[in-house]
Every structure is written in C-alpha cells, then in structure tokens.
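Residue numbers (the working numbering), protein chains in the order written: chain A, 1188 to 1662; chain B, -11 to 78. Glycine is no exception: its CB is placed at the ideal position from the N, C-alpha and C atoms. One structure below.
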Amino acid sequence: MTHSNNATLTRRELLIQLCKLLKEDTIEEQIDRIPLNMRPKGNQSLRCCVHKDRAVLKYKIMALLGFNIDDETDELTSLQDYLHLAKERKTLTPKVMTVVDEACSSCQQGSYNVSNMCKGCEARPCAVNCPKDAVHFVKGQAEIDHDVCVNCGKCLQECPFHAIIYSPVPCEEACPVKAISKDEQGIEHIDYDKCIYCGKCMAACPYGAIMEKSHIIEIFQAWESKKEIIALVAPSIIAQFRQSVPKIYNAIKKMGFSDIIEVAEGAEMTIEHETEEWSERMHAGCQLMTTSCCHAYTELVKKHIPELEGKVSETPSPMVYAGKLAKERFPNAVTVFIGPCTAKRHEAFFVEDIDYTLSFEELGALLVANNIEVEEMNNEIDIKYANSDAQFFAQSGGVSRAIINKADESLKEEIINGIDKTSIRQLKQIAKGKTESNFIEVMSCEGGCLAGVNSLIKGKQAVTVFQKNQEEISS
Amino acid sequence: MTEEKIYKVQICTGTLCHVMGGAELPALEDHLPEEIKSKVKVKGMVCANYCTETNLKPPFVLINGELMSEASIDKIIHYIQNCEKNDTFK
Ligand code: FES
C-alpha cells in the first residue's frame, strides 16, 4: 500500500543512529552498541534469534560506513575498526551497492511450486497443458520436475484450484538486466559488468539485504575540517517534504551547508545544449537522438544496447553542469550532490566537480540528528530559482517538455517511462529505427526522479507535492 | 438531526516521523474504504515530542486525540473500522 516497509525503516533507523553518534561525537565508543540497542535481549527477533538480527545490523552499518561486505577478511573486525578504516580512506568506489550476505535469505530460485491445495483431480490440466511434460503425480498430488520446467506458468493458469504458486526472487525479478544472481550458497551477488546502478534490487529486497554505500563519514569529515560545503540539490528535492522550498533549503543550510545550488540550474544548460545538439544531428541527417541525463539509462546502453550508443546525446547531465557552476563559484569548496538516485552516485564518482553524494534518506537522517524541524525554518531565502522547465526534469516527460519548448516543430518525442524488460525490448527496436519519433526520452524510474529509489515521498503523493511547491516558487 | 461522527486523524509532520514513514501517511485519504471515507478528516500536526518523551516508535498519529505509534495506513484504517464495528467512537 505504501512504499516504505520495515526493511526500509530499519535502514533509516540505522542511518539516524549513525548520524546522531557522529553529530554528538560519541561514535567511537558507541558504534558497536547500535545493534545491541536496536535489538535488545528479550525482544522478539525477526530472524532465528537476536544474535542473527544483530549480526545483520552490524553488516548493514558496515555498508553505511561505505564498505563492501565481500571485502571483510576477518569476521572479528569491529564496527569501531571499520569506522577507523573509513576515516583513513582516501578514495570512494564506483561500486555503489553491496549485498549484506548475512541478511540475504537466499530466497528459493524463482519457480512454480505445487501447494497442498492440489486435489489431484481427474482433469489434471496442469500436466496435460505442460509443454515440457514436467508435471507428474506422486501419491495423488502434482509435482513439478524443476530440471525440466521452463517456468512458462501454464500450470498456474490452468489449475482450477489455484493450487500452483509462483515463488519469485524479488531482487532478481526487479533487476531489468539480470545483473544479480546467486552463488552456490544461494546468496545474491551483483555483477558489476552488467549492473546499471538503477537500485531496483535494493528497493525490492524484502530483507533490506542490498545496501547503498554511504558517504556520510566523508561528509562529516568535511564538516570537521571547516571547509565550505555546497549542496547541489536535485530538483526532486522539492517533493520530499510537505514544506515550502525556502524552508527545505534553509534546513539544509542550517545543517552546515554554506550554500545551495539547484541542479535544475545545471538542467537549464543541459536544455540549451541538448536542443542545439538535437537540431544539429537532425540537419546532419540523423534519424533520432535519445536523452542522456538518466545515468542508469546511459549505463544500460553501454552495457546492454550498444547499437544505441551513437544515438545517445553527448550533452552532459544537469549534475555535471551544476558541479561545474559550484566549483566556479566556490573553487575551494567541497561539493555534495543530494538526490534520490543510486545511479547518480555512480555517475558522480567519475565527475571531478562532485565530491560526495547524499541520498534523500541520508538527508532526512541528518536533519533528524541535527534536530532540525523543516517546518520551523525561515520562509525567505535569497536565491534565484531555476526556471520551471528545468525543475520539471524531475518528472518523467519533463526533459521532453523542456526540449519541445525550445526546438522547432519537427520534433516528435517518445517517452520511455521506466526501464524494465519490456522497455529494453522496445529500446532495441528503436535502435533498429522502428519508431516514428526523433527524440527519445528515457528515465529508469517509472515516473522519473520523483520516484527515485531513495525518496521519502514517492508516487502520486510526490507528484502532488512537487506541483504545489513548483507553482509556489515559479509565481 | 444527529451529530455526525468525525474521525480526526492528525499526522505528525515532524522530521523524525516524516523520515520514519510518516511522509507517506497522507496517502491515507486515497485508501480510505467507502464506508468510512466521509467520516475521516486528515490533518497534519507539528512534533508534539512523542518522539523524545515516550519510548514508543514513530511515526505518530492522533486519532481523535488517541495516540498511535508506528502508524501505518493499514493500522489507521483498522483502528477506525474497529471503532465503527464496536461502536467505540470517541
Ligand atoms: S517528530 Fe513526530 S512526534 Fe516528534
């Protein structure tokens, strides 16, 4: 019904605990206590026992400290040790997610199974309709031979008693590019040669076993060093709090950011250059051009649809332009991109002008740790807001809307709203020229960045809040 | 004319409640079952320090003054339906 669930909330609670300790500067002594405090003795455990629960939490914290769980060499390494390692580390990694093997429940391979509702009826349509002869009857009950079964699902459709159930592996099912799969022990691993960093596995896992590696430690170090820190906020931020935009921005500043740059300001430059690029390409006789601002999409092309490669716009993304603006205006400052997206964290790793990334969840945790009530902030702020076409980059269809407003009327747009197995097939057709359109917008998340995996408010609600706040700042 | 029963649902808009799932609670209005739809009014409220002064967990919601912790859309709907069924409207 809603988007958050207990796995999401556990992650947020961990983030809050971590940020509070960092803020109070008691993290050294307290970090190894977080799992104990969150799962005290005597409370009901989620998994087999309280110790397993705590182990899971420990490794989730390790991920939040920015580590790959796979890299652990000694199981006795404490969180305090990891904290020290994190503080000493000089570089980040482009592998932005990690699987917490302790939490991964090794869900059974996605398969069709016969439940005890099977009555072994006379008709046996499951067996009759199975194209592979994989259904047999043992003691009057249907059984599926998984060595032969091709997961076509016919038996499930045919059974009059609904006795056949499909058990999916949520992360594998959510991944549009088969980049996550099991090892011999049944634990999931991400194959970074295939991964497009969309974060869909992370959102899908009911155990919260896939974690984003946070930059929180680095950001606190930057605060400690008293350097200027600039927040580069993605336009979707205005849909994250049911408060006015000036209040949101003031809250971020109060937390310790010396200034705010709207990534939408960078989007204004993207619009300018992308429109020009499109016109040039059309004059040069190209059939079509696709957008390039969604990083999961450009990774998709690189790794899975190379035939589209020459057709992707070469215009830098709004984040890249915003980073440039930030370093021009504040040459010595540390720059932090704040957004809802795992893919942007990966992209930022390769963008020199962006130092760190903060997700909306992490932003929320930081606000809590700093005792900041967004509602109580000043409603005035000295800022020149980016134009609304640029703000609308946050929403699926927004990039097209902006380019249409600039280009001539020969532009015909097509919008791929969300990357999944179906839209990948569609993109492969487009690569072959099977489209009437000459401008293709692609967004990995259905709904655009407003539906980003790290959002606090998603879906219809996010759209409503976005529109209300957008109207307020553009009037 | 009998007085209409109205369930006043106040959702905490404080930062902690917001981050811990309260952000999604206003969607309650879209999920209310027909039979109680007209009887429920959804509003926000500022942090009333339930987060610091109790050992309960966010997000917090008040339903006609009654405190609910770890609120979810389902929990709120159930609560109201139960009040209706058992005629325990307050
Ligand atoms: S934030 Fe909701 S009670 Fe304090």
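Original post:
What's the gap between the Cα of Pro1227 (chain A) and the Cα of Met1389 (chain A)?
Top reply: In the first sequence, residue 1227 (chain A) corresponds to position 40, counting from 1. In the first sequence, residue 1389 (chain A) corresponds to position 202, counting from 1. Their Cα atoms are separated by approximately 27 Å.
Distance between Glu72 (chain B) and His6 (chain B) (C-alpha atoms, nearest Å): As a position in the second sequence, residue 6 (chain B) is number 18, starting the count at 1. As a position in the second sequence, residue 72 (chain B) is number 84, starting the count at 1. Whole-angstrom Cα-Cα distance: 28 Å.
* Asked: If we ignore side chains and look at the alpha-carbon of each, how far apart do Lys1306 (chain A) and Ile1602 (chain A) end up?
  -> In the first sequence, residue 1306 (chain A) corresponds to position 119, counting from 1. In the first sequence, residue 1602 (chain A) corresponds to position 415, counting from 1. Going by the C-alpha atoms only, they are around 48 Å apart.
Using Cβ-Cβ distances below 9 Å, what residues of the segment 1421 to 1433 of chain A are close to chain B? Gln1427, Phe1428, Arg1429, Gln1430
Alpha carbon to alpha carbon, what distance is there between Glu1359 (chain A) and Ile1352 (chain A)?
-> Position 165 of the first sequence, counted from the first residue, corresponds to residue 1352 (chain A). Position 172 of the first sequence, counted from the first residue, corresponds to residue 1359 (chain A). So the two alpha carbons sit approximately 18 Å from each other.
Q | Buried or exposed by the 16-neighbour rule on C-beta atoms within 10 Å, applied to Lys(-4) (chain B) | A | Mapped onto the second sequence, residue -4 (chain B) falls at position 8. When all chains shown are included, Lys(-4) (chain B) counts as exposed.
- Query: With distances taken from CA atoms, which of A:Arg1468, A:Phe1626, A:Ala1483 is nearest Val1587 (chain A)?
  - Reply: In the first sequence, counting from the first residue as 1, residue 1587 (chain A) sits at position 400. First, the amino acid is wrong: residue 1587 (chain A) is Ser here, not Val. The option with the nearest alpha carbon to Ser1587 (chain A) is A:Phe1626.
Worksheet item: For the 8 Å Cβ check, are there 3 or more pairs between the segment 1430 to 1441 of chain A and the segment 13 to 24 of chain B?
Response: Segments in contact, no.
In whole angstroms, give me the CA-to-CA distance for Ser60 (chain B) and Cys1632 (chain A). Residue mapping note: residue 60 (chain B) aligns to position 72 of the second sequence, counting from 1. Residue mapping note: residue 1632 (chain A) aligns to position 445 of the first sequence, counting from 1. Ser60 (chain B) and Cys1632 (chain A): Cα-Cα distance of roughly 25 Å.
(request) Could you tell me which residues DSSP pairs with Met1476 (chain A) in its beta bridges? (result) As a first step, residue 1476 (chain A) must be located in the first sequence, where it is residue number 289. In DSSP, Met1476 (chain A) forms a bridge with A:Phe1626.
Q) Three or more beta-carbon pairs under 8 Å between the segment 1518 to 1536 of chain A and the segment 1380 to 1395 of chain A, yes or no? A) Per the Cβ contact rule, the segment 1518 to 1536 of chain A is in contact with the segment 1380 to 1395 of chain A (3 or more Cβ pairs under 8 Å).
Inset, instruction - Just the C-alpha distance for His1402 (chain A) and Leu1272 (chain A), rounded to the nearest angstrom, thanks. - result: Position 215 of the first sequence, counted from the first residue, corresponds to residue 1402 (chain A). Position 85 of the first sequence, counted from the first residue, corresponds to residue 1272 (chain A). For His1402 (chain A) and Leu1272 (chain A), the distance between alpha carbons rounds to 13 Å.
**Report entry** Proximal residues of chain B, C-beta to C-beta of Glu1560 (chain A) below 7 Å
**Finding:** Counting from 1 along the first sequence, the entry for residue 1560 (chain A) is found at position 373. Under the 7 Å cutoff, chain B gives Gly2, Thr3, Cys35.
Fill in: CB of Met1284 (chain A) within 8 Å of CB of Ile1383 (chain A), strictly
In the first sequence, the residue the question calls residue 1284 (chain A) occupies position 97. In the first sequence, the residue the question calls residue 1383 (chain A) occupies position 196. No, they are not a contact pair.
Quiz item: Does the ligand FES have a heavy atom nearer than 7 Å to the CB of Cys1206 (chain A)?
Solution: Working through the first sequence from its first residue, we reach residue 1206 (chain A) at position 19. Incorrect: Cys1206 (chain A) has no Cβ contact closer than 7 Å to the ligand FES.
task = Would you list the residues whose beta-carbon is nearer than 5 Å to any heavy atom of the ligand FES, in the order they occur in the chain?
result = B:Cys0, B:Gly2, B:Leu4, B:Cys5, B:Cys35, B:Tyr38, B:Cys39, B:Phe48
Does any C-beta atom of chain A lie closer than 8 Å to the C-beta of Pro14 (chain B)?
Residue numbering aside, residue 14 (chain B) sits at position 26 when the second sequence is read from its first letter. Chain A contact via Cβ: present.
Original post:
So Ala1483 (chain A) and Ile1570 (chain A) are in contact, right, with Cβ under 8 Å, and what is the actual spacing, rounded?
Top reply: Position 296 of the first sequence, counting from 1, holds the residue named residue 1483 (chain A). Position 383 of the first sequence, counting from 1, holds the residue named residue 1570 (chain A). The C-beta distance from Ala1483 (chain A) to Ile1570 (chain A) rounds to 29 Å, too long to meet the 8 Å contact threshold.
#### Entry: Touching by the beta-carbon criterion (3+ pairs, under 8 Å), the segment 1296 to 1304 of chain A and the segment 1409 to 1419 of chain A
Judged by Cβ distances under 8 Å, the segment 1296 to 1304 of chain A makes no contact with the segment 1409 to 1419 of chain A, as fewer than three pairs qualify.
Please check if any C-beta of chain A sits within less than 8 Å of the C-beta of Met56 (chain B). Translated into positions along the second sequence, residue 56 (chain B) becomes position 68. Judged by the 8 Å Cβ criterion, Met56 (chain B) is not in contact with chain A.
Margin query: Which residues in chain B have a C-beta closer than 8 Å to the C-beta of Gly1551 (chain A)? List them in chain order.
Written below: Here residue 1551 (chain A) corresponds to residue number 364 of the first sequence, with the count starting at 1. In chain order: Thr3, His6, Val7.
Taking Cβ positions only, does Ala11 (chain B) come closer than 8 Å to chain A?
Start at 1 with the first residue of the second sequence, and residue 11 (chain B) comes out as number 23. Yes, because at least one Cβ of chain A sits closer than 8 Å to the Cβ of Ala11 (chain B).
Practice prompt. Could you tell me which chain B residues have their CB closer than 8 Å to the CB of Ile1644 (chain A), listed as they occur along the chain?
Written response: Position 457 of the first sequence, counted from the start, is the residue given in the question as residue 1644 (chain A). Residues of chain B whose Cβ lies closer than 8 Å to the Cβ of Ile1644 (chain A) are, in chain order, Ala11, Glu12.
Worksheet item: Which bits of chain B does Leu1554 (chain A) rub up against, with CB to CB less than 8 Å?
Response: Numbered from 1 along the first sequence, position 367 holds the residue referred to as residue 1554 (chain A). Simply Thr3, Val7.
- prompt: With a CB to CB cut of under 7 Å and the five nearest residues on each side skipped, what residues in its chain are close to Glu1600 (chain A)?
  reply: Start at 1 with the first residue of the first sequence, and residue 1600 (chain A) comes out as number 413. The answer, listed in chain order, is Ser1587, Ile1591, Ser1624, Phe1626, Glu1628.
*Mind listing, in chain order, the continuous alpha helix (DSSP H) runs of no fewer than 4 residues lying wholly within the segment 1438 to 1477 of chain A?*
1450 to 1470
Can you give, in chain order, each stretch of the alpha helix (DSSP H) that sits fully within the segment 1514 to 1581 of chain A and has at least 4 residues?
Fully enclosed alpha helix (DSSP H) runs of no fewer than 4 residues occupy 1529 to 1536, 1547 to 1556, 1575 to 1578 of the segment 1514 to 1581 of chain A, in order along the chain.
*Assigned secondary structure, His1323 (chain A) (DSSP; H/G/I helix, E/B strand, else coil)*: If you number the first sequence from 1, residue 1323 (chain A) lands on position 136. His1323 (chain A) falls in the strand class under three-state DSSP.
Notebook entry, point to check: Within the chosen definition, does the segment 1540 to 1559 of chain A reach the segment 1449 to 1468 of chain A through at least 3 CB pairs nearer than 8 Å?
Noted result: no
| said: For His1376 (chain A), list the residues DSSP reports as bridge partners. | reply: Here residue 1376 (chain A) refers to the residue found at position 189 when the first sequence is read from its first residue. Among the bridge pairs identified by DSSP, His1376 (chain A) is matched with A:Ser1368.
- Query: Can you tell me the Cα-Cα spacing of Phe1444 (chain A) and Asn43 (chain B), whole angstroms?
  - Reply: Counted from its first residue, the first sequence places residue 1444 (chain A) at position 257. Counted from its first residue, the second sequence places residue 43 (chain B) at position 55. Going from the Cα of Phe1444 (chain A) to the Cα of Asn43 (chain B) covers about 32 Å.
**Q.** Contact list for Arg1199 (chain A) against chain B, beta-carbon separation under 9 Å
**A.** Within the first sequence, residue 1199 (chain A) is the residue found at index 12, counting from 1. Under the 9 Å cutoff, chain B gives Val7, Met8, Gly9.
Practice problem: Leaving aside the five residues before and after Thr1462 (chain A) along the sequence, list all residues of the same chain whose C-beta is less than 7 Å from its C-beta, in chain order. | Solution: Here residue 1462 (chain A) corresponds to residue number 275 of the first sequence, with the count starting at 1. Counting only Cβ-Cβ distances below 7 Å, and skipping sequence neighbours, we find Ile1590, Lys1593, Ala1594.
Check: In this structure, does DSSP put Glu1215 (chain A) in helix, strand or coil?
Finding: For the purposes of this step, residue 1215 (chain A) is taken as the residue at position 28 of the first sequence. Note: Glu1215 (chain A) maps to helix in three-state DSSP.
Proximal residues of chain B, C-beta to C-beta of Leu1223 (chain A) below 7 Å: Here residue 1223 (chain A) corresponds to residue number 36 of the first sequence, with the count starting at 1. Residues of chain B passing the Cβ test: none, with the nearest at roughly 16 Å.
Item to complete: May I have the straight-line CA-CA distance separating Arg1612 (chain A) from Cys1480 (chain A), to the nearest angstrom?
Response: Within the first sequence, the letter at position 425 stands for residue 1612 (chain A). Within the first sequence, the letter at position 293 stands for residue 1480 (chain A). Near 20 Å, if we compare the C-alpha coordinates of Cys1480 (chain A) and Arg1612 (chain A).
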